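First the structure, in the form of structure tokens, and then the observations on it.
Protein chains: 2
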Amino acid sequence: MSKVTVLTRNEDGIAAALGVLKQQFGEAVSTSQSLREQHGHTTTWLTNQAPDAVVFPKTTKDVQDIVKICAQYKVPVIPFGTGTSLEGHVNAPGGGVSVDVSHMNTVLEVNASDLNCVIEPGVTREDLNTHLRDQGLFFPIDPGANASLGGMTATGASGTNAVRYGTMKDNVIAIEAVLADGSVIKTASKAKKTSAGYDLTRLMVGSEGTLGLITKITLKLQGIPEAITAARCSFPSVDAACQTVMQVIQYGIPVARIELLDSLQVKACNAYANLDLPETPLLLLEFHGSDASVIEQAEMFNAIADEHGASGYQTTSTTEERNKLWQARHDAYWASLNLRPGAHGISTDVCVPISRLAECVVAAQEKVAELGFTAPIVGHVGDGNFHTLVLVDKGNDTEMRKAEEFVGWLSELAIGMDGTCTGEHGIGQGKMPYLIKELGGAVDVMAAIKKAMDPDNILNPGKIMAV
Amino acid sequence: MSKVTVLTRNEDGIAAALGVLKQQFGEAVSTSQSLREQHGHTTTWLTNQAPDAVVFPKTTKDVQDIVKICAQYKVPVIPFGTGTSLEGHVNAPGGGVSVDVSHMNTVLEVNASDLNCVIEPGVTREDLNTHLRDQGLFFPIDPGANASLGGMTATGASGTNAVRYGTMKDNVIAIEAVLADGSVIKTASKAKKTSAGYDLTRLMVGSEGTLGLITKITLKLQGIPEAITAARCSFPSVDAACQTVMQVIQYGIPVARIELLDSLQVKACNAYANLDLPETPLLLLEFHGSDASVIEQAEMFNAIADEHGASGYQTTSTTEERNKLWQARHDAYWASLNLRPGAHGISTDVCVPISRLAECVVAAQEKVAELGFTAPIVGHVGDGNFHTLVLVDKGNDTEMRKAEEFVGWLSELAIGMDGTCTGEHGIGQGKMPYLIKELGGAVDVMAAIKKAMDPDNILNPGKIMAV
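Shown next, in the form of structure tokens:
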């Protein structure tokens with residue numbers, strides 16, 4: 017049913033490493049089956065490949081010791097944050113040790129003057145923002161799930177407000193990481209910009225645990241904006257909505273969020289939460305800035321939307337009403353699953369140049385209809401990124417094969433538009449064949465770097481590319 | 017006098033490669049001494065190390081052929097844009113072939129809807145902006161010199177408006193590069209964001225020609241803002257100016273430029289252009305946005321500056337007056353040299369967390385006084401980056417030694433503040449020892465990547481790190 021890689025298990029090495037780990041870490045090593053399965057958890061269609069043990073380090077030194085033991089016996093090491101990744105990143109195709117960083121969850125420094133902080137990898141996005149609130153600061157990247165910042169760094173996460181604040185690549189200043197030989201590096205200083213050699217920070221961001229285990233992260237922070245305004249309006253077509261978005265971006269309106277829900281997604285949300293939104297493509301927006309600036313942004317947006325036949329324009333500034341206005345977006349995932357109770361959702365993640373976005377979304381809708389699937393769409397349209405949630409019966413092999421075909425078909429369509437098969441979910445196991453289609457020989461360069469930094473292929477093997 | 021590395025020359029290989037290159041490229045290969053020396057040109061104190069020949073490719077295929085020939089004979093290949101880099105990047109410490117991309121200067125695509133363009137590496141910053149102007153677009157990175165965009169990409173350039181628009185790292189979407197074996201890769205699609213494997217784009221940006229020769233670049237573009245306002249005011253101290261900057265950034269005022277001139281720099285500008293600015297620290301600013309937003313930004317700035325004892329606040333919106341207001345900044349380099357006619361300027365490039373900036377600038381001023389140098393300071397203070405221009409007599413060995421000591425002292429001071437020895441000029445040859453002090457074991461990782469991608473060390477050898 018699934019297309020996970022299976023790697024040869026180094027049984028003797030695994031047994032030996034587990035012995036040493038248990039001796040050194042005692043209670044902090046677990047081989048309980050349920051815990052192992054939870055740590056091989058994956059939220060796509062990929063088969064669970066549980067690790068042989070889960071270890072809970074508390075310090076960088078612990079991580080170093082774990083990696084050194086595993087390196088000695090050539091045993092796979094798979095870093096684990098909260099397990100919310102979508103492409104089988106935490107699976108253990110050759111067995112090995114899952115390194116769960118949830119006990120490394122301290123906010124080490126908040127430097128308000130410099131708008132940065134230093135955290136351990138197990139700190140979650142919501143925990144960090146709770147910690148920062150009193151100081152009038154926030155960390156903007158929001159992938160939806162309450163992921164760990166270590167995991168978000170490792171997968172190069174982004175989400176709804178990347179259109180204004182960028183992705184993890186733009187918001188990580190420096191990383192401390194344990195390498196395959198157990199040594200520790202820091203990738204950069206705390207300077208806001210640097211030309212000091214190769215950009216190892218951005219090489220580690222999105223490397224999915226295959227080059228090192230992240231043990232500390234220096235993040236950029238933002239001041240909480242003086243004013244936040246939310247807006248919503250409906251469009252006669254996906255194309256009209258996308259044309260609006262394109263113009264908004266071209267005019268340089270600094271929208272903080274601009275999200276598309278297609279007709280089916282709106283319908284799902286209406287049914288789920290008893291809303292009465294017009295069942296046509298919907299844009300939801302958020303503007304951040306000074307009081308005057310958010311008003312100006314909202315007015316400029318409204319004028320552009322009008323030209324493209326928008327209707328039902330609403331705007332609000334209070335927190336409570338903002339949440340109500342955005343409810344459809346917050347509910348989107350559960351509302352979608354409700355369209356087919358018991359079904360499992362498989363999310364695509366293509367991202368294309370914004371000029372091709374409407375064409376790509378409409379083609380996806382048509383293909384979904386042709387295949388007989390139910391698959392609502394939400395999109396981070398300011399970035400050209402959208403997710404089709406294909407609702408499948410996981411037990412039905414024919415359906416699963418068709419769903420896989422659809423994922424491949426859409427990935428290739430996006431690649432043909434000079435886009436990518438993954439805007440924010442990463443490659444993991446699920447997107448490996450499409451990465452090669454997308455970047456060809458560049459994948460050999462990635463493999464060469466991987467080999468240079470991890471010659472025994474112990475760091476999260478079987479992910480991103482074959483080595 | 018200088019501290020350039022000298023590498024062993026592969027005389028037989030160089031002779032053989034030049035023979036084949038001349039046969040294949042004819043007139044496009046030159047061994048004229050003046051041209052060779054110009055291509056080993058460096059604008060710091062580093063000795064000129066001329067290449068053995070200069071080749072002018074016209075296409076990616078030409079670059080591939082040149083690299084393949086050089087690879088066959090293990091001869092160094094040094095990419096060359098306009099030669100405006102500052103740390104000996106284009107020197108040829110082991111001889112070899114300079115690849116001058118000035119004939120690869122076509123703007124291949126401008127995609128206004130997607131706010132991106134595809135260019136060849138020899139296109140200069142000013143040429144690109146001239147090309148874009150009619151479409152209401154511009155490319156924001158401005159390192160001062162009219163550098164080639166290939167060179168700006170290779171060195172990870174930035175400049176005065178990085179505080180708003182970021183550096184080259186933030187503005188390059190994808191790169192086509194010829195690798196050490198002559199193969200070509202593209203690092204990414206044209207999607208605005210991507211999680212497709214290791215971030216080879218950002219690995220190439222700032223790799224200073226040591227990992228590949230850049231043959232095409234996809235750049236992010238910006239819409240020309242509706243309104244631009246310039247402002248200027250004087251401060252009682254460097255600390256007062258830096259406190260102002262810190263608050264401006266914390267408040268999230270999206271300043272497009274915020275530049276510091278220290279008292280000596282202001283004095284130099286007064287003398288050079290007959291201005292009558294108060295000879296105390298000066299901030300120059302530029303605000304980009306809508307008409308209403310630039311007024312609001314300027315007012316907010318003024319209120320903050322007032323709290324820190326600013327005086328002589330002026331603001332203007334017309335292009336001509338903006339240029340007049342900024343004249344001191346535009347003249348800064350030549351005005352500085354005028355302080356000591358005949359002298360050579362050696363520029364430092366440290367960048368520190370903004371909370372340490374005032375302390376770092378004042379310490380630099382005090383050290384300069386102690387050493388008896390004349391050395392005005394300009395700073396991209398929104399980023400914590402500043403340049404001390406030490407005016408030296410290049411023929412005076414004692415002075416040169418002292419200047420080198422100063423560069424080292426300041427680099428180490430910045431590193432001690434968790435900053436970097438180079439905010440935007442790169443490592444080249446000049447900063448190699450400080451890179452190790454700054455990042456320690458991470459430099460071994462850089463060397464491992466270099467070895468994996470260029471096992472014979474033919475791509476710009478002797479730069480960034482010893483391999």
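If you read the protein sequences in the order shown, they are chains L and D. Just so we're aligned, residue 17 is where the first sequence starts under the numbering used here, counting upward by one. Just so we're aligned, residue 17 is where the second sequence starts under the numbering used here, counting upward by one. Virtual Cβ for every residue (Gly too), placed ideally from N, Cα, C. What you are looking at is a predicted structure, and each value in this text was computed from that prediction instead of being measured.
Query: Backbone CA spacing between residue 79 (chain D) and residue 266 (chain L) [nearest angstrom]; Result: 35 angstroms
Query: Rounded separation between residue 427 (chain D) and residue 88 (chain L) - CA only; Result: 39 angstroms
Query: Assigned exposure category for residue 61 (chain D) - 16 Cβ within 10 Å defines buried; Result: buried
Query: At least 3 beta-carbon pairs within less than 8 angstroms: the segment 106-115 of chain D vs the segment 43-60 of chain D; Result: yes
Query: Cβ neighbours of residue 373 (chain L) in the same chain (closer than 7 angstroms, five flanking residues each side left out); Result: 258, 397 and 400
Query: Interface flag, residue 472 (chain D) vs chain L, CB-CB below 9 angstroms; Result: no
Query: CB contact below 9 angstroms: residue 330 (chain L) versus chain D; Result: no
Query: Within-9 angstroms CB hit, residue 467 (chain L) to chain D; Result: yes
Query: Entirely enclosed alpha helix (DSSP H) segments - the segment 372-400 of chain L, minimum 4 residues; Result: 373-387
Query: Straight-line gap, residue 139 (chain D) to residue 391 (chain D) (C-alpha atoms, nearest Å); Result: 33 angstroms
Query: The segment 268-276 of chain D contacting the segment 294-303 of chain L, beta-carbon criterion three pairs below 8 angstroms; Result: no
Query: Interface positions of the segment 82-109 of chain D facing chain L (Cβ-Cβ less than 7 angstroms), listed along the chain; Result: none
Query: First through last residue of the beta strand (DSSP E) which encompasses residue 248 (chain L); Result: 243-250
Query: Residue 18 (chain L) (DSSP reduced to helix, strand or coil); Result: Per-residue confidence for residue 18 (chain L) stands at a pLDDT of 49, beneath the threshold of 50, marking its modelled position as unreliable; no derived number is given.
Query: The beta strand (DSSP E) enclosing residue 190 (chain L), as first and last residue numbers; Result: 188-194
Query: Amino acids of chain B, ordered along the chain, whose beta-carbon sits closer than 8 angstroms to that of residue 178 (chain L); Result: No chain B is part of this structure, whose protein chains are labelled L and D.
Query: Own chain partners of residue 30 (chain L) with C-beta closer than 7 angstroms, once the 5 adjacent residues on each side are dropped; Result: 68, 91, 111 and 112
Query: Residue 314 (chain D) (DSSP reduced to helix, strand or coil); Result: helix
Query: Beta-bridge partners of residue 71 (chain L), as assigned by DSSP; Result: L:45 and L:115
Query: Span separating the alpha-carbon of residue 18 (chain D) from that of residue 437 (chain D); Result: Confidence at residue 18 (chain D) is low in this model, with a pLDDT of 49, below 50, so its placement is unreliable and no value can be given for it.
Query: Residue range of the unbroken alpha helix (DSSP H) whose run includes residue 86 (chain L); Result: 76-88
Query: Meets three-Cβ-pair contact criterion under 8 angstroms: the segment 195-212 of chain D and the segment 453-460 of chain L; Result: yes
Query: Contiguous alpha helix (DSSP H) assignments of at least 4 residues, all confined to the segment 444-479 of chain L; Result: 448-455 and 458-469
Query: Opening and closing residue of the alpha helix (DSSP H) in which residue 283 (chain D) lies; Result: 279-289
Query: Opposing strand residues paired with residue 368 (chain D) [DSSP bridges]; Result: For residue 368 (chain D), which the question treats as bridged, DSSP gives no partner whatsoever.
Query: Pairwise C-alpha distance: residue 117 (chain D) and residue 283 (chain L); Result: 55 angstroms
Query: Test item: CB-CB of residue 475 (chain L) and residue 196 (chain L) under 9 angstroms; Result: yes
Query: Close-in-space but distant-in-sequence residues of the same chain around residue 185 (chain L) (CB under 8 angstroms, 5 per side omitted); Result: 172, 218, 221 and 222
Query: Of the listed residues L:477, L:465 and L:433, nearest to residue 448 (chain L) (C-alpha basis); Result: L:477
Query: Simplified DSSP state of residue 151 (chain D), which is helix, strand or coil; Result: coil
Query: The segment 311-328 of chain D: positions lying closer than 7 angstroms to chain L by Cβ; Result: 312
Query: Inter-residue Cα distance where the pair is residue 323 (chain D) and residue 255 (chain D); Result: 13 angstroms
Query: Same chain, Cβ closer than 6 angstroms to residue 384 (chain L), neighbours up to 5 away in sequence not counted; Result: 391
Query: Counted within 10 angstroms of its Cβ, other Cβ atoms place residue 342 (chain L) as buried (16 or more) or exposed; Result: buried
Query: Cutoff 9 angstroms: residue 239 (chain L) Cβ touching any chain D Cβ; Result: yes
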